[in-house]
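J.: Residue numbers (the UniProt record's numbering), protein chains in the order written: chain A, 1 to 350; chain B, 1 to 350. Before we start, here is the structure in question, set down as structure tokens.
There are 2 protein chains.
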Amino acid sequence: MTTGEQFNVAVVGATGAVGAKMLETLDKKNFPIKDLLLLSSKRSAGTEIKFQNKTYTVQEATPEIFEGVDIALFSAGGSVSKKLAPEAVKRGAVVVDNTSAFRMDPEVPLVVPEVNEEDIEKHNGIIANPNCSTIQMVAALKPVQDLFGLSRVIVSTYQAVSGAGNEAAEELHDQSKAFLAGEELEANILPASGDKKHYPIAFNALPQIDVFQENGYTFEEMKMINETKKIMHDDSVHVAATCVRLPFFTSHAESVYVEVDKEGVTVEQLKEAIANADGITLQDDPTNQVYPTPLDAAGKSEVFVGRIRQDLDNTKGFHLWVVSDNLLKGAAWNSVQIAESLVKNNWLKK
Amino acid sequence: MTTGEQFNVAVVGATGAVGAKMLETLDKKNFPIKDLLLLSSKRSAGTEIKFQNKTYTVQEATPEIFEGVDIALFSAGGSVSKKLAPEAVKRGAVVVDNTSAFRMDPEVPLVVPEVNEEDIEKHNGIIANPNCSTIQMVAALKPVQDLFGLSRVIVSTYQAVSGAGNEAAEELHDQSKAFLAGEELEANILPASGDKKHYPIAFNALPQIDVFQENGYTFEEMKMINETKKIMHDDSVHVAATCVRLPFFTSHAESVYVEVDKEGVTVEQLKEAIANADGITLQDDPTNQVYPTPLDAAGKSEVFVGRIRQDLDNTKGFHLWVVSDNLLKGAAWNSVQIAESLVKNNWLKK
Numbered sequence: 001m002t003t004g005e006q007f008n009v010a011v012v013g014a015t016g017a018v019g020a021k022m023l024e025t026l027d028k029k030n031f032p033i034k035d036l037l038l039l040s041s042k043r044s045a046g047t048e049i050k051f052q053n054k055t056y057t058v059q060e061a062t063p064e065i066f067e068g069v070d071i072a073l074f075s076a077g078g079s080v081s082k083k084l085a086p087e088a089v090k091r092g093a094v095v096v097d098n099t100s101a102f103r104m105d106p107e108v109p110l111v112v113p114e115v116n117e118e119d120i121e122k123h124n125g126i127i128a129n130p131n132c133s134t135i136q137m138v139a140a141l142k143p144v145q146d147l148f149g150l151s152r153v154i155v156s157t158y159q160a161v162s163g164a165g166n167e168a169a170e171e172l173h174d175q176s177k178a179f180l181a182g183e184e185l186e187a188n189i190l191p192a193s194g195d196k197k198h199y200p201i202a203f204n205a206l207p208q209i210d211v212f213q214e215n216g217y218t219f220e221e222m223k224m225i226n227e228t229k230k231i232m233h234d235d236s237v238h239v240a241a242t243c244v245r246l247p248f249f250t251s252h253a254e255s256v257y258v259e260v261d262k263e264g265v266t267v268e269q270l271k272e273a274i275a276n277a278d279g280i281t282l283q284d285d286p287t288n289q290v291y292p293t294p295l296d297a298a299g300k301s302e303v304f305v306g307r308i309r310q311d312l313d314n315t316k317g318f319h320l321w322v323v324s325d326n327l328l329k330g331a332a333w334n335s336v337q338i339a340e341s342l343v344k345n346n347w348l349k350k
Numbered sequence: 001m002t003t004g005e006q007f008n009v010a011v012v013g014a015t016g017a018v019g020a021k022m023l024e025t026l027d028k029k030n031f032p033i034k035d036l037l038l039l040s041s042k043r044s045a046g047t048e049i050k051f052q053n054k055t056y057t058v059q060e061a062t063p064e065i066f067e068g069v070d071i072a073l074f075s076a077g078g079s080v081s082k083k084l085a086p087e088a089v090k091r092g093a094v095v096v097d098n099t100s101a102f103r104m105d106p107e108v109p110l111v112v113p114e115v116n117e118e119d120i121e122k123h124n125g126i127i128a129n130p131n132c133s134t135i136q137m138v139a140a141l142k143p144v145q146d147l148f149g150l151s152r153v154i155v156s157t158y159q160a161v162s163g164a165g166n167e168a169a170e171e172l173h174d175q176s177k178a179f180l181a182g183e184e185l186e187a188n189i190l191p192a193s194g195d196k197k198h199y200p201i202a203f204n205a206l207p208q209i210d211v212f213q214e215n216g217y218t219f220e221e222m223k224m225i226n227e228t229k230k231i232m233h234d235d236s237v238h239v240a241a242t243c244v245r246l247p248f249f250t251s252h253a254e255s256v257y258v259e260v261d262k263e264g265v266t267v268e269q270l271k272e273a274i275a276n277a278d279g280i281t282l283q284d285d286p287t288n289q290v291y292p293t294p295l296d297a298a299g300k301s302e303v304f305v306g307r308i309r310q311d312l313d314n315t316k317g318f319h320l321w322v323v324s325d326n327l328l329k330g331a332a333w334n335s336v337q338i339a340e341s342l343v344k345n346n347w348l349k350k
């Protein structure tokens, strides 16, 4: 930040898994905050949270409380965003929304700054932060699209429980302890807290993230498919996704198959393109067993890519392994990047 | 078994993870055993093992010990098979080998009974049991190939630690306990016991199973690619694999994308074909959150298939989720099925 100007910032969902990371990121990036407002549901209001040596009391999010707020970072679930984001905008705030509420709204930019930062300028008060599993994939695919063209993507995900919130992380923790003690596993949250049935995640894999749609895909899979096309500005690219929840706490991993348009692309060219891209770290050296893993990526803001191989049958086909901290680049870090871009480019006021 | 005849059976690697399941399966299937010989390395010789109310002392596997053996089930690693399987054959035994030692040997049938049982008859003393992750996939793909033709397979695997043996399962157990206690994780076995570096598997995902080949694929990935073509008798089918080790004990899961040859195939037709296939159970009802999981499949002999969906861009493309106990259908159960077929079809003697 070089403007010297400071901003009134609200964090909605401050007591949640992503909210905590939002605060961590605002601090780490030294975001120019004048006043900070920590908001939550009525239930969590009153919680005390420390930020930069000051203790804040979390307040209930209401329409009126957004009076005077410049930037509001929302991450308290889709229904809260649907209700309160327009109220915040009405009162002059620009909202960066980390829920699925507005992502596919044609009036709302859906942004990963490394991919389509310029879309932020077109905002009408709300900018949507994409789904965590989408963000890290499009960040890795952007240099591929730019240099070689992209016709097709088939992804299978390996997703951490923290994507489903603190309660899901606690569930994995408690179930793991019970399993190792030979006790029965109790399942109340995963695969989707609002769904009818719950299955144990400890020492298991659940091929369901979010609820099923009528077409047999889960909502998470449809998010990856639709959001990727919107962010990359390419409705013609074929995207298919299978999303799986796994027993680890942090970072999503993705096995991604891509087909490029250009003939004759080599693995070395692809590695170079990815290594040179913003926000990406190449970790790809099979001879020395170097590749990204969720445990290694946890707590880091970059997207890590490795295991880049050419398909053995299709010279335009390549396989990639993409890993990133789902709460950072997949959520908080990307949201704060958008807020920084709003400030840096003077895109706050319309 | 209806012949009434009984056979001298040797289990090589009786003290290992698969060896234990071999004995369980021989018992469950009431295999017609005359004498049972339990064999291992020198190190494990002397171990006592109970089988059908009798206690056996494990003996060291030597060339001479196979004298008089009719069927030898090998699962003690590739180097043991390479050395001793020919010795067993020389002495009149038929070997069912669960290692990678002879799988790609053109003289050795590679068999999943539901797919290519007839290949067993062509044996020259050795029949190879495919890799665990290959077995469950080809079992699911066989009805698809038969009815609709199969041009392409792209698989991403979710594999249990027990595929790397008892020591890997102990490592996951110990690391999980340490992680939950906030202690440092010690890694000595995974991703591949013979490789240079070891990484923690607890609450993590490792995109390496077995060692890397010169082309950047792991040996596990190349096994899936090459074995699938051999078992399905189709060198023209395109197969791509990404294999990932995950923190659960039992059952491999697979996210499989297939392209069929025939136009106009529906999800319902695919479901029906798979539901009617031998050894497969369809678990596919998204409305009621019914799909296979590793924890559910553990201890069962079938291959479970669910999440069958048509690709949204390619009408000939379909996505499947395939789960099976890697130690049963992926190893012991398939080996004993081959042994049963040898007996039932009178294919033991050449």
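C-beta atoms are modelled at their ideal positions from N, C-alpha and C, and glycine is treated no differently.
Measuring CA to CA, which of B/Tyr-257, B/Gln-310, B/Thr-293, B/Ile-135 is closest to B/Val-153?
T.: Comparing Cα positions, the closest option is B/Tyr-257.
J.: How is B/Asp-284 classed by DSSP in three states: helix, strand or coil?
T.: coil
J.: Please state whether the Cβ-Cβ distance between A/Val-58 and A/Ala-45 is less than 7 Å.
T.: yes
J.: Could you list the residues in the segment 190-214 of chain A with a C-beta less than 7 Å from some C-beta on chain B, going in chain order?
T.: Asp-195, Lys-196, Lys-197, Tyr-199, Pro-200, Phe-203, Asn-204, Ala-205, Leu-206, Pro-207, Gln-208, Phe-212
J.: In angstroms, rounded to a whole number, what distance separates the CA positions of B/Ser-176 and B/Ala-202?
T.: Counting only the Cα atoms, B/Ala-202 lies some 5 Å from B/Ser-176.
J.: Leaving out five residues before and five after A/Ala-224 in sequence, what residues of the same chain have Cβ atoms less than 6 Å from its Cβ?
T.: Contrary to the premise, residue 224 of chain A reads as Met rather than Ala in this sequence. Scanning its chain for C-beta atoms nearer than 6 Å, with the 5 sequence neighbours on each side dropped, one finds around A/Met-224 the residues Ser-133, Thr-134, Ala-241, in chain order.
J.: How about the segment 90-107 of chain A and the segment 234-248 of chain A: do they share at least three Cβ pairs that are nearer than 8 Å?
T.: no
J.: Would DSSP call residue 375 of chain A helix, strand or coil?
T.: An answer regarding residue 375 of chain A cannot be provided, because it is not within the stretch 1 to 350 covered by chain A.
J.: Looking only at DSSP bridge pairs, what is B/Leu-180 linked to?
T.: Note: B/Leu-180 sits in no beta bridge, so no partner.
J.: Are the C-beta atoms of B/Ala-240 and some chain A residue less than 7 Å apart?
T.: yes
J.: Check distances from the C-beta atoms of the segment 20-32 of chain A to those of chain B and list, in chain order, the residues that come in under 7 Å.
T.: Flagged: no residues at all.
J.: CA-CA distance, B/Glu-302 and B/Asn-334?
T.: 10 Å
J.: Within 10 angstroms of the Cβ of B/Arg-307, are there 16 or more other Cβ atoms? Answer buried if so, exposed if not.
T.: buried
J.: Assuming A/Glu-227 and A/Pro-130 form a contact by the criterion Cβ under 8 Å, report the distance between their Cβ atoms to the nearest whole angstrom.
T.: The pair is a contact, with the Cβ atoms about 5 Å apart (cut-off 8 Å).
J.: Can you say whether A/Ala-181 is buried or exposed, counting buried as having 16 or more other CB atoms within 10 angstroms of its CB?
T.: When all chains shown are included, A/Ala-181 counts as exposed.
J.: Taking B/Asp-311 as the reference, give the member of B/Met-22, B/Leu-84, B/Leu-270 with the closest Cα.
T.: B/Leu-270
J.: If the criterion is Cβ atoms closer than 7 Å, does the pair B/Val-322 and B/Val-336 meet it?
T.: no
J.: Against chain A, which members of the segment 221-252 of chain B pass a CB distance test of less than 8 Å?
T.: Taking 8 Å as the Cβ-Cβ cut-off, the segment 221-252 of chain B approaches chain A at Ile-225, His-238, Val-239, Ala-240, Thr-242, Val-244, Leu-246, Pro-247, Phe-248, Phe-249, given in chain order.
J.: Please confirm if B/Gln-289 has its CB atom under 7 Å from at least one CB of chain A.
T.: yes
J.: Assuming B/Glu-254 is part of the beta strand (DSSP E), what are its boundary residues?
T.: 252-260
J.: Run the CB neighbour count on A/Lys-82, radius 10 Å, all protein chains shown included, and call it buried at 16 or more, exposed below.
T.: exposed
J.: Here's the rule: buried if 16 or more other CB atoms are within 10 angstroms of the residue's CB, otherwise exposed. What is A/Met-1?
T.: Any reading at A/Met-1 must be qualified, since the residue scores a pLDDT of 47, below 50, and its modelled position is unreliable; no value is offered.
J.: Going along chain B in order, which residues have a C-beta closer than 8 Å to the C-beta of A/Asn-129?
T.: Residues of chain B passing the Cβ test: none, with the nearest at roughly 24 Å.
J.: Hey, how far is the Cα of B/Leu-172 from the Cα of B/Phe-249?
T.: 8 Å
J.: Cβ of B/Asp-313 within 7 Å of Cβ of A/His-319?
T.: No; because the gap between Cβ atoms is not below 7 Å, this pair is not in contact.
J.: Quick check: B/Ser-255 and B/Ala-160, are their CB atoms within less than 7 Å of each other?
T.: With respect to B/Ala-160, B/Ser-255 sits apart: the two C-beta atoms are not nearer than 7 Å.
J.: Under 7 Å between beta-carbons, which chain A residues line up against B/Tyr-217? List them in chain order, please.
T.: Arg-309
J.: Grab me the residues of A/Ala-187's own chain with a C-beta within less than 6 Å of its C-beta, minus the 5 sequence neighbours each way, in chain order.
T.: His-198, Tyr-199, Pro-200
J.: Mind listing, in chain order, the continuous alpha helix (DSSP H) runs of no fewer than 4 residues lying wholly within the segment 12-56 of chain A?
T.: The qualifying runs are 17-28.
J.: So which residues on chain A does B/Ile-280 lean against when the C-beta distance must stay under 9 Å?
T.: Ordered by position in chain A, no residue passes the 9 Å Cβ test against B/Ile-280, which lies about 17 Å from the chain.
J.: Please report the distance separating the alpha-carbon of A/Met-222 from that of A/Ala-253.
T.: If you draw a straight line from the Cα of A/Met-222 to the Cα of A/Ala-253, it is about 18 Å long.
J.: Closer than 9 Å by beta-carbon distance: list the chain A residues that pair up with B/Tyr-257, in chain order.
T.: Ile-154, Ser-156, Ala-240, Thr-242, Tyr-257
J.: If we ignore side chains and look at the alpha-carbon of each, how far apart do B/Thr-157 and B/Lys-229 end up?
T.: Taking the straight line from one Cα to the other gives about 18 Å.
J.: Of all the alpha helix (DSSP H) runs that stay within the bounds of the segment 158-204 of chain B, which reach a length of 4 or more residues?
T.: If we require 4 residues or more, the alpha helix (DSSP H) runs fully inside the segment 158-204 of chain B come out as 166-180.
J.: At a Cβ threshold of 7 Å, is B/Lys-300 touching chain A?
T.: Output row for B/Lys-300: interface = no.
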